[in-house]
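Numbering (our numbering), first residue to last: -7 to 213.
Even for Gly, the Cβ is constructed at its ideal location relative to N, Cα and C.
Please read all numbers here as calculations on a predicted model, not as lab measurements.
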């Protein structure tokens, strides 16, 4: 902590935020709420218990964001034919076998089904920013900061937070709504992201901010 002392600061949700939901697709939840290591043979891309533990807080977060009237933006993997040359992927992870794949792997998990007015971005790389129209969407919506959650902490979440910071946006990362395949990797990346690129905040803090914004919106109406 002494080494990281120069990074210490007050954390907050930035002005005019959008909620960014990273890769909350079916593939991450396959096999149910069990340790991911027990799913490797059948569902090697699942985050198991860590994904399922994040469902309820993520539902709370989405509901608060919608009540506050802020933009809700999802991303998932672009699996369209003829969309990219062979070998393109979010990471260097081996592709699952045909027996391990399902047609709806990259559809959004039903508990987080998008609503009218939400945006779903299909990406080919780790970051939601890379090669997508996200920046133009954020500009159109007047967004100045991001609230981020999803998976995996060490992969697509990390890449998206770094790109968000690099594009001049304040990034708040919601701890209980973010997950990875291994708790140690998850915690290490939260720690590093918090000190360098994002304000890692608890769900209660972020929901309190959004609920306050929602109350102000109702009062204004």
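Using a Cβ distance threshold of 8 Å, determine whether the region 192 to 210 contacts the region 14 to 32, with at least three qualifying pairs required. Fewer than three Cβ pairs drawn from the region 192 to 210 and the region 14 to 32 lie within less than 8 Å of each other, which leaves the two stretches out of contact.
State yes or no: is the beta carbon of residue 195 nearer than 8 Å to at least one beta carbon in chain B? Any reference to chain B falls outside this structure, which holds one protein chain only.
Where does residue 104 fall in DSSP's three states? helix
Can the beta-carbon of residue 12 be found less than 8 Å from the beta-carbon of residue 138? yes
Within 10 angstroms of the Cβ of residue 156, are there 16 or more other Cβ atoms? Answer buried if so, exposed if not. buried
What do you get for residue 115, buried or exposed, if any count of 16 or more other CB atoms within 10 angstroms of its CB means buried? When all chains shown are included, residue 115 counts as buried.
By Cβ distance below 8 Å, which residues in the same chain neighbour residue 291 in space, the five residues on each side in sequence not counted? Residue 291 is absent from the structure shown; the chain starts at -7 and stops at 213.
Whole-angstrom Cβ separation of residue 184 and residue 39, contact assumed at under 8 Å? The Cβ separation is near 19 Å, so there is no contact.
Distance check for residue 178 and residue 36, CA to CA, integer angstroms please. 17 Å
Would you mind stating whether residue 158 and residue 5 have Cβ atoms separated by less than 8 Å? no
With distances taken Cα to Cα, identify the nearest neighbour of residue 122 among 43, -3, 81 and 213. Of 43, -3, 81 and 213, the residue nearest in Cα terms is 81.
Determine the closest residue to residue 44 out of 24, 88, 73 and 189, with distance taken between C-alpha atoms. Of the listed residues, the one whose Cα sits closest to residue 44 is 24.
Identity of the residue in 33, 212, 188 and 203 nearest residue 59 by Cα: The alpha carbon of residue 59 has as its nearest neighbour, out of 33, 212, 188 and 203, the alpha carbon of 203.
For residue -7, count neighbouring Cβ atoms within 10 angstroms of its own Cβ and tell me buried if that reaches 16, exposed if not. Counting every other CB atom within 10 Å of its CB across the protein chains shown gives residue -7 a total below 16, marking it as exposed.
My understanding is that residue 145 touches residue 182, with C-beta atoms under 8 Å, so please give their C-beta distance in whole angstroms. 6 Å
What do you reckon, are the CB atoms on residue 10 and residue 63 nearer than 8 Å? The answer is yes: Cβ separation under 8 Å.
Whole-angstrom distance between residue 141 and residue 79, CA atom to CA atom: 27 Å
Distance between residue 195 and residue 53 (C-alpha atoms, nearest Å): 7 Å
Starting from residue 69, follow the beta strand (DSSP E) in both directions and report where the run begins and ends. In the DSSP assignment, residue 69 falls within the unbroken beta strand (DSSP E) covering 64 to 69.
Should residue 143 and residue 149 be called a contact, given that it needs their Cβ atoms to be closer than 8 Å? yes
Pair within 8 Å by beta-carbon distance, residue 66 and residue 29: no
What are the residues that DSSP puts in a beta bridge with residue 171? 143
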